[in-house]
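**Q**
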Amino acid sequence: MDNRLRPTRSGLFTIELLIAVGVFIFCAAICLGLFAKAETVSSESADLNMAVNKARSVSEGYKACGGDVSATARFYGADESNGSFSLYYDSAWNPVSDPASASFTLTITEKDDEAIVSVGNAEKELVSWPVAVLEVAR
């Protein structure tokens, strides 16, 4: 005469399984977010490395040209005006001639007794440093 339902073990197992799946989904969401952030950081790091390499190269070219911005501009095939010139690069760091299609701009400007080399994009300046005339063998 006892018609009560007895609890089964399968109900407890189902609840335990749902909790495990929920924890797994939560951890997977965190991992996916970290992977997306890692891709962004990696891309920014690669751009910064290329900016440093391009700025270093132009600094060495400036030194090799005896500290003359006009000679350096001619060496790189750029047009110099008022003691400065710019080089333009696309998103893959390939040189482009059209400033409108450039993702990155490298500028060297002569000021007093030094030249300022800077590389940036539309959002921010990535690298900037002075190249002192004292470093240049004239």
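Sequential numbering from 231 applies to the sequence shown in the working numbering.
Glycine included, each C-beta is placed from N, C-alpha and C at the ideal position.
When DSSP labels each residue in this structure, what does residue 332 get in the three-state scheme?
**A** In this structure, residue 332 counts as coil in the three-state DSSP scheme.
**Q** For residue 340 versus residue 314, is the C-beta spacing smaller than 8 Å?
**A** In this structure, residue 314 lies closer than 8 Å to residue 340 by Cβ.
**Q** So, helix, strand or coil for residue 279, using DSSP?
**A** Helix, per DSSP.
**Q** Measuring CB to CB, does residue 338 end up less than 8 Å from residue 299?
**A** A contact, by the Cβ cut-off of 8 Å.
**Q** Identify every residue that forms a DSSP beta bridge with residue 357.
**A** Answer by DSSP bridge pairing, in chain order: 349.
**Q** Under a three-way DSSP split, which group does residue 250 fall into?
**A** Residue state, collapsed to three classes: helix.
**Q** With distance defined between alpha-carbon atoms, name the residue in 336, 344, 343 and 342 nearest to residue 354.
**A** Per the Cα distances, 336.
**Q** In the DSSP assignment, what are the bridge partners of residue 290?
**A** BP columns for residue 290 are empty, so no partner.
**Q** For residue 281, count the other beta carbons within 10 Å of its own beta carbon; 16 or more makes it buried, fewer makes it exposed. Which is it?
**A** Its Cβ being crowded by 16 or more others within 10 Å, residue 281 is buried.
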